[in-house]
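What follows is a short report on a single structure.
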Amino acid sequence: MADKENMIDVLRKFPAMLESAAKLGEDMNFQKEFVESIVVIGMGGSGYTGDLLKAYLNDVAIPVHVVKNYNLPKFIGRKSLIFAISYSGNTEETISAYRTAIRRGCNIISISSGGKLKELAELNKNPHISIPGGIQPRLSTPYLFISVLNVLSYSGIIEDQGELVKKCVAELESSAGSIEKTGKELAGKYRNKIPIIYSAQEFFCIAEKWKTDINENAKTHAFYNVLPEFNHNEICAYQYNQEIFKPLILSYDDYHPKIKKRIGIFRKLLKEYKVPVAEVNFVGNTLLARLFSSIWMGLFFAYYLAMEYDRDPTPVEIIEKLKKDLK
């Protein structure tokens, strides 16, 4: 069996992970009048927390910035609330940027399952949230994201999220079977194809997550782009599409009416040029539920695509080799 470490068992516990994260960071808060921006530092599945936060807080006045690098932009300073996130606690880019934030006197909360980041937090006496370890970072989104939401909520920067998280968990539990089934069916349709995943700009984090989970789980290429931008360039490639590339559209009722119209026209043009396409429409009573149901489905898609190729979804050998050579 390709799934030697039973990733499927962890995937099916996704709602339970969300539920258990509800109290993470509950004793931490900052005076919101001293916070002018939110900054998330992190790489890979940890840095993804920032991308998801940008989408979730799109209608909130305070800006959210995401740093996936060794350095911090110069505009980040004392009135920035920084979340330094590394699931392992040992990500070198995150630790480098964290040290810069310390020197600038920023408000910092670190989040990890242990490692060097936790040690630095104790040394510098900045708040630290410890999350459960033992899983792949790309599966840790419930722990990382809810930790950040809780801090922002308890600080009064955003409204209380407790009931929204409960509703999200309930919706995921009630639709678990259909979410997994759709993910598995998609995997069958994309065997020996390279998915090109599309969403609206404000939901780019979902298309990005599907792409990177496919990369890590199925060990195959996938790409993503956003509307309306790709209508101004990438769409031209479909006039002479290579069969290996197959578009996949992620749709939400939240989209601007013009974006919905563009999707309809795009589908029509793909039919004209004889390019097969799949589309998934996400529903949910809250934005949180819509985001997490689509993340969960993408994880199932990536998992079952790995099964299609008979590849173990858990290990990421080439990443570990790269890290080893960096030391």
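The opening residue of the sequence shown carries number 17 in the numbering used here; numbering runs sequentially from there. Backbone N, C-alpha and C define an ideal beta-carbon position, used for all residues, glycine too.
Thinking C-alpha only, which one of the options is nearest residue i?
i: Q177; options: D19, V291, Y72, G58; result: Y72
i: E232; options: D75, L315, K276; result: L315
i: H237; options: E324, S126, I210; result: I210
i: Q255; options: K284, D229, E295; result: K284
i: I260; options: K205, Y268, C221; result: K205
i: A77; options: S53, G58, Y64; result: S53
i: I279; options: A253, E245, A305; result: E245
i: I101; options: I147, P273, V296; result: I147
i: Y271; options: K95, D328, Q217; result: Q217
i: D75; options: F298, S190, N208, E175; result: E175
i: A203; options: G121, G58, M313; result: M313
i: M17; options: L342, D328, V332; result: D328
i: A37; options: E333, L165, C252, A253; result: L165
i: G300; options: I195, A322, R207; result: I195
i: K290; options: Q258, D269, I275; result: Q258
i: V332; options: S309, A253, F298, K235; result: K235
i: H81; options: L27, V56, R115; result: V56
i: A192; options: K141, N249, S309; result: S309
I'd like the list of long-range same chain contacts for residue i, defined as Cβ closer than 6 Å, with 5 residues on each side in sequence excluded.
i: Y240; result: I213, A223, E224, K227
i: I145; result: L40, G41, I127, S163
i: Y114; result: A100
So the beta strand (DSSP E) residue i belongs to, where does it begin and stop?
i: L266; result: 261–268
i: P211; result: 210–216
i: A100; result: 96–101
i: F239; result: 239–243
When you compare only the Cα positions, how much space is there between residue i and residue j?
i: T302; j: L338; result: 40 Å
i: K183; j: K262; result: 34 Å
i: L307; j: S104; result: 24 Å
i: S129; j: K197; result: 31 Å
i: P292; j: I281; result: 14 Å
i: I265; j: I311; result: 14 Å
i: T110; j: T157; result: 17 Å
i: I230; j: Y86; result: 26 Å
i: E295; j: S267; result: 7 Å
i: G149; j: E324; result: 28 Å
i: F220; j: L243; result: 9 Å
i: A117; j: K287; result: 51 Å
i: K340; j: K277; result: 48 Å
i: E138; j: M59; result: 22 Å
i: P79; j: L168; result: 13 Å
i: R120; j: F50; result: 15 Å
i: Y64; j: L160; result: 9 Å
i: R154; j: K29; result: 14 Å
i: E189; j: K343; result: 42 Å
i: N208; j: A318; result: 13 Å
i: I335; j: K84; result: 16 Å
i: N247; j: G61; result: 28 Å
At which residues does the alpha helix (DSSP H) containing residue i begin and terminate?
i: L285; result: 273–288
i: E135; result: 131–140
i: E224; result: 220–234
i: E250; result: Note, E250: premise wrong, no alpha helix (DSSP H); not H, not E.
Grab me the residues of residue i's own chain with a C-beta within less than 8 Å of its C-beta, minus the 5 sequence neighbours each way, in chain order.
i: K48; result: S171, G172, I173
i: N106; result: G131, K132, L133
i: P143; result: M44, I124, I125, S126, A137
What does a CB cutoff of less than 7 Å around residue i pick up in its chain, not counting 5 residues either side in sequence?
i: F46; result: L97, N123, S171
i: V367; result: Residue 367 is absent from the structure shown; the chain starts at 17 and stops at 343.
i: L180; result: T302, L304
i: K200; result: F316, Y320
i: Q152; result: T330
Mind checking if residue i is an interface residue toward chain B, Cβ cutoff 8 Å exclusive?
i: V185; result: Among the chains in the structure shown there is no chain B, since it carries only a single protein chain.
Heavy atom of the ligand MN less than 7 Å from the Cβ of residue i, yes or no?
i: F246; result: As far as ligands go, the structure on display features none, and thus does not contain the ligand MN.
Any 3 or more C-beta pairs closer than 8 Å across the stretch 64–78 and the stretch 19–28: Flag = no, the stretch 64–78 and the stretch 19–28 do not touch.
Meets three-Cβ-pair contact criterion under 8 Å: the stretch 87–95 and the stretch 131–147: Taking 8 Å as the limit for Cβ pairs, the verdict is that the stretch 131–147 does not touch the stretch 87–95.
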